[in-house]
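According to the working numbering, the sequence shown holds residues 530 to 872 in order.
No residue lacks a Cβ here, since even glycine has one placed at the ideal position from N, Cα and C.
Reading through the structure tokens given below for one structure.
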Amino acid sequence: MKKQRILIVDDSPFVRRMISDWIKDQPDMEVIGIGKNGEEGARLAQELRPDLVTLDVEMPVMTGLEALPEIVGSGAKVLMVSSVTQAGATATLEALDHGAFDFVTKPNNATSLRFVECREETLEKIRASRYVRSSVRSTTVISAPRPKTKTDRVVLIASSTGGPSTLRTLWEGLPKGFPAPIVIVQHMPVGFTASLAKRLDAAGTVPCREAVNGDPLVPGQAYVAPGGCHLVLDSKLHLQTSDDEKIHGVKPAADFLFESGAKFLGSRALGVVLTGMGRDGASGALAIKKAGGTVIGEAECSCVIYGMPKAAKEIGAVDAEFKLEEIASAIVANLSGRVVRAS
């Protein structure tokens with residue numbers, strides 16, 4: 530397999546050296562250039578034509594966000610490297626809406642547990658970039674009609690790589706007066722999920738916020754699982770946070786949410802598995818289906834990475850797949866009692 534050619538762009542000497550050392554140890558990757566700010570990064574991306582750029586968010590001269598359009602225009606996949614701050618989270622989510630496929634957060638130092646986790650996560654996402662689809666988004670979102678009936682159903686959503694921009698597109702298609710609660714598990718660290726909820730809240734007519742332990746489900750309200758803990762439903766249909774160990778290497782994990790939905794909602798659960806790498810959500814989706822619920826998957830042609838929906842489909846957990854621009858209408862149709870069928 531051809532080595533991935535990687536350009537590192539970061540104003541921190543520590544981070545540049547750290548990522549460079551990680552990559553140099555890998556037989557399937559090579560560092561072809563290093564930039565110290567966004568301006569250098571944009572120029573080097575055009576000159577060197579890398580396969581992937583690791584791009585710092587906050588830099589002098591030109592920020593990562595400012596350099597992003599030119600770097601994406603070079604044909605490179607972009608992995609954002611962010612600090613764990615509110616400003617970093619906000620800028621990173623904006624970058625994900627404008628062409629970056631994913632992000633990692635910086636460790637504080639070389640001796641922290643986060644350093645080891647960051648190494649594994651960065652290398653995994655660099656390798657996953659080989660399978661990232663570019664320009665898969667439709668410019669036309671099919672807006673769902675306003676439901677005419679009330680429902681006791683609950684929508685449970687799983688998403689990972691490519692999820693923030695995918696969720697934003699989905700939100701634009703959801704109608705005013707959406708009748709069901711929505712609970713989202715997006716693989717993100719602490720701090721980023723609150724920013725994601727705010728962006729979704731501003732993107733459409735369905736209000737969205739980060740979930741809080743003990744939240745009762747309210748029709749028409751969306752909740753994002755907080756980073757760093759799992760989120761489940763209890764017998765009273767309240768949301769409960771959990772500090773259980775990671776599964777599939779992630780926390781929050783959709784399998785926990787889906788399995789609790791299968792247990793306490795049964796046929797009232799509507800699972801939705803969106804873009805993402807790995808297998809999270811697959812076993813939980815199967816539990817929903819076995820309990821009499823319905824599961825919708827995102828079609829391969831619109832996924833940034835067709836991993837999670839594929840895993841769910843392969844074990845027979847998915848009732849129907851839809852392109853992203855069709856999913857809002859498919860959700861509303863299902864809530865209205867109509868059989869979901871892919872077009």
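Asked, Found
"Less than 8 Å between the CB atoms is what I'm expecting for L594 and F630, so what's the real figure, rounded?", "Wrong, their Cβ atoms sit about 15 Å apart, outside the cutoff."
"Taking the alpha-carbon positions, what's the V610 to Y660 distance?", "20 Å"
"So within the region 545-617, which uninterrupted beta strand (DSSP E) runs reach at least 3 residues, ignoring any that extend past its ends?", "558-564, 581-585, 606-611"
"Return the bridge partner residues of F851 from the DSSP annotation.", "E827"
"For a test of the three-state rule: what should DSSP assign to V665, helix, strand or coil?", "Residue placement at V665 is flagged as unreliable, the pLDDT there being 48, under the threshold of 50; a coordinate-derived value is accordingly withheld."
"The ligand GTP and F851: does any heavy atom of the ligand fall closer than 6 Å to the residue's C-beta?", "Annotation note on the ligand GTP: not contained in the displayed structure, which lists no ligands."
"Nearest-angstrom Cα distance between M717 and G757?", "8 Å"
"Which term fits Q615, buried or exposed, when burial requires 16 or more other beta carbons within 10 angstroms of its beta carbon?", "exposed"
"Could you give the C-beta distance for A574 and L536, rounded to a whole number, given that I count them as a contact under 8 Å?", "6 Å"
"Taking DSSP as the reference, what is the three-state secondary structure of G692?", "helix"
"Contact check, A605 vs G567 under 8 Å by CB: the rounded distance?", "Contact doesn't hold; Cβ gap of about 14 Å is too wide."
"Whole angstroms are fine: how far does the CA of P676 sit from the CA of V861?", "7 Å"
"Give the straight-line distance between the Cα atoms of R682 and L762, rounded to the nearest whole angstrom.", "13 Å"
"Since V714 and A782 should fall inside the 8 Å C-beta cutoff, what is the C-beta to C-beta distance between them, to a whole number of angstroms?", "7 Å"
"Along the chain, where does the alpha helix (DSSP H) containing D730 start, and where does it finish?", "721-732"
"Would W700 and G733 be called neighbours here (beta carbons separated by less than 7 Å)?", "yes"
"In angstroms, rounded to a whole number, what distance separates the CA positions of A816 and M588?", "46 Å"
"Any idea what DSSP makes of D631, helix, strand or coil?", "strand"
"Look at the Cβ atom of L685, then the Cβ atom of L786, and state whether they are nearer than 7 Å.", "yes"
"Are three or more beta carbon pairs between the region 689-698 and the region 789-804 nearer than 8 Å?", "yes"
"List the whole-angstrom C-beta distance separating D557 from Q533, where the pair is believed to meet the contact cut-off of C-beta under 8 Å.", "6 Å"
"Just to confirm before moving on: does the CB-CB distance between K852 and S831 stay below 7 Å?", "yes"
"Please confirm whether L760 and A754 have their CB atoms less than 7 Å apart.", "yes"
"If distances are taken between C-alpha atoms only, which option among I600, E650, S724 comes closest to P693?", "S724"
"Thinking just about the alpha-carbon of each residue, which of F721, E576, I548, T695 is nearest to the one in K654?", "I548"
"Under a Cβ-count criterion, where at least 16 other Cβ atoms within 10 Å of its own Cβ denotes burial, should D784 be classed as buried or exposed?", "buried"
"Pick helix, strand or coil for C832, following the three-state DSSP scheme.", "coil"
"Please classify R675: does DSSP put it in a helix, a strand, or coil?", "coil"
"Tell me which same chain residues have a C-beta within less than 6 Å of the C-beta of I563, skipping the five on either side of it?", "I537, R545"
"Leaving out five residues before and five after S764 in sequence, what residues of the same chain have Cβ atoms less than 6 Å from its Cβ?", "F793"
"Which complete beta strand (DSSP E) runs does the region 717-799 hold, if anything under 3 residues is left out?", "737-739, 751-753, 759-762, 768-771"
"Cβ atoms of P708 and T946: under 7 Å apart, would you say?", "This structure leaves residue 946 out entirely; the chain is present only between 530 and 872."
"Put A687 into one of helix, strand or coil per three-state DSSP.", "strand"
"Taking the straight line between their C-alpha atoms, what separation do you get for P704 and C737?", "14 Å"
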